[in-house]
Amino acid sequence: MRCGKLLIISGPSGSGKTSICRELEKDPRVRKSISVTTRPPRPQEQEGRNYYFVSEEEFKRRIDRGEFVEYASYSGRLYGTPLEPLKKAMVEGIIYLLEIDVQGAQQILKKFPEAISIFILPPHEEELAVRIKGRNLQPDLQGRLAIAREEIKLAEQYKYRVVNDVLERAVKEIRHILRLDK
Numbered sequence: 007m008r009c010g011k012l013l014i015i016s017g018p019s020g021s022g023k024t025s026i027c028r029e030l031e032k033d034p035r036v037r038k039s040i041s042v043t044t045r046p047p048r049p050q051e052q053e054g055r056n057y058y059f060v061s062e063e064e065f066k067r068r069i070d071r072g073e074f075v076e077y078a079s080y081s082g083r084l085y086g087t088p089l090e091p092l093k094k095a096m097v098e099g100i101i102y103l104l105e106i107d108v109q110g111a112q113q114i115l116k117k118f119p120e121a122i123s124i125f126i127l128p129p130h131e132e133e134l135a136v137r138i139k140g141r142n143l144q145p146d147l148q149g150r151l152a153i154a155r156e157e158i159k160l161a162e163q164y165k166y167r168v169v170n171d172v173l174e175r176a177v178k179e180i181r182h183i184l185r186l187d188k
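Going by my numbering, the letters in the sequence shown line up with residues 7 to 188, in that order.
Written out as structure tokens, the structure is:
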């Protein structure tokens, strides 16, 4: 039986974790988890590609049936990581990638302490502010920076910390951690 790996990637808004995950997903040995949510789809989002969109009632039924590895409420909407695709990836010998917030990562690590956990750090706070401003999130810049500072304090809970100063270098470092560079 082949045995895959569970990979957790977290980091504050603006750290570049989504860009890193997109690069990692290009490798056929890596599969990204698709979360289930109760929020409505945004204009460019596709069912089964970005999220699985369900009603709150359906989400709660799935909780009762134990179908989530973890779940949480954020801004009045429910988000969860489905268990079955994770099990399937482990049997197939795939690296199963979870791009997840710090709270979700803590839940996952309690259940799967063998998971590879990586926290993505910005090179410095000034660069983080520039990246957040670049997303046109300036009205909430101070709030987002405050949240980022709190999340960065938790980076020590992760097995690895990778500074994303240059995307290609950060991806190369993670590929080395995962032994995908061989």
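Glycine included, each C-beta is placed from N, C-alpha and C at the ideal position.
task = Go through its chain and collect everything with a Cβ distance to ALA95's Cβ below 7 Å, but skip five positions before and after it.
result = Locating residue 95 in the sequence shown gives position 89, counting from the first residue. Excluding sequence neighbours, ALA95 sits near GLY10, ARG37, TYR102.
message = Taking the alpha carbon of LEU160 as the reference point, which residue from ASP107, ARG175, HIS182 has its own alpha carbon closest?
response = Residue numbering aside, residue 160 sits at position 154 when the sequence shown is read from its first letter. Shortest Cα-Cα distance from LEU160 to any of ASP107, ARG175, HIS182 involves ASP107.
ask   = Hey, ILE158 and LEU127: beta-carbon distance below 8 Å or not?
value = To locate residue 158, count along the sequence shown from 1; it is residue 152. To locate residue 127, count along the sequence shown from 1; it is residue 121. LEU127 sits close to ILE158, with the two beta carbons spaced by under 8 Å.
task = May I have a chain-ordered list of the alpha helix (DSSP H) segments no shorter than 4 residues that lie completely inside the stretch 56-118?
result = 62-70, 89-98, 108-117
request  = Keeping to the same chain, check which residues put their C-beta closer than 8 Å to that of VAL177; ignore five residues upstream and five downstream.
outcome  = Taking the first residue of the sequence shown as 1, we reach residue 177 at position 171. ILE26, GLU29, LEU30, listed in sequence order.
task = Quick one: grab the DSSP three-state call for ILE124.
result = Taking the sequence shown and counting its residues from 1, the one referred to as residue 124 is at position 118. Three-state result, ILE124: strand.
query = Is the number of C-beta pairs between the stretch 81-96 and the stretch 58-72 that are closer than 8 Å three or more?
reply = Result yes; three or more Cβ-Cβ pairs closer than 8 Å.
ask   = Ends of the alpha helix (DSSP H) at ARG175?
value = Within the sequence shown, numbered from 1, the residue matching residue 175 stands at position 169. For ARG175, the enclosing alpha helix (DSSP H) begins and ends at 173-183.
ILE14 vs ILE180 beta-carbon contact at 8 Å = As a working mapping, residue 14 is identified with position 8 in the sequence shown. As a working mapping, residue 180 is identified with position 174 in the sequence shown. No. Outside cutoff.
query = LEU173: buried (16+ other C-beta within 10 angstroms of its C-beta) or exposed?
reply = The count along the sequence shown starts at 1 and reaches residue 173 at position 167. Exposed.
ask   = Excluding five sequence neighbours on each side, which residues of the same chain lie with their C-beta closer than 7 Å to the C-beta of LEU143?
value = Walking along the sequence shown from the start, residue 143 turns up at place 137. At LEU143 the pLDDT is 49, less than 50, meaning the model places this residue with poor confidence; the figure from the coordinates comes in the next sentence. Within the same chain, LEU143 has close Cβ partners ARG150.
key: Pairwise C-alpha distance: THR43 and PRO49   = For the purposes of this step, residue 49 is taken as the residue at position 43 of the sequence shown. For the purposes of this step, residue 43 is taken as the residue at position 37 of the sequence shown. Cα to Cα, PRO49 sits roughly 15 Å from THR43.
task = Could you spell out the range, first to last residue, of the beta strand (DSSP E) harbouring ILE15?
result = What you label residue 15 is simply residue 9 of the sequence shown in a count that begins at 1. ILE15 -> beta strand (DSSP E) spans 11-16.
message = Within 10 Å of its beta-carbon, does GLU76 have 16 or more other beta-carbons around it, so buried, or fewer, so exposed?
response = Residue 76 sits at position 70 when you count from the first residue of the sequence shown. By the 10 Å Cβ count, GLU76 comes out buried.
message = Pop quiz: LEU12 and LEU92 are said to be a contact at Cβ under 8 Å. What is the actual Cβ separation, rounded to whole angstroms?
response = Locating residue 12 in the sequence shown gives position 6, counting from the first residue. Locating residue 92 in the sequence shown gives position 86, counting from the first residue. About 7 Å; that satisfies the 8 Å criterion.
ILE124 and TYR164 closer than 8 Å at C-beta = Walking along the sequence shown from the start, residue 124 turns up at place 118. Walking along the sequence shown from the start, residue 164 turns up at place 158. Cβ distance < 8 Å, so ILE124 and TYR164 count as in contact.
query = Going by the CB atoms, is the gap between GLY54 and ILE40 shorter than 8 Å?
reply = For the purposes of this step, residue 40 is taken as residue 34 along the sequence shown, with counting starting at 1. For the purposes of this step, residue 54 is taken as residue 48 along the sequence shown, with counting starting at 1. Against a cut-off of 8 Å, the Cβ pair of GLY54 and ILE40 comes out as a contact.
ask   = For LYS32 versus GLU105, is the C-beta spacing smaller than 8 Å?
value = Position 26 of the sequence shown, counting from 1, holds the residue named residue 32. Position 99 of the sequence shown, counting from 1, holds the residue named residue 105. Not closer than 8 Å, so no.
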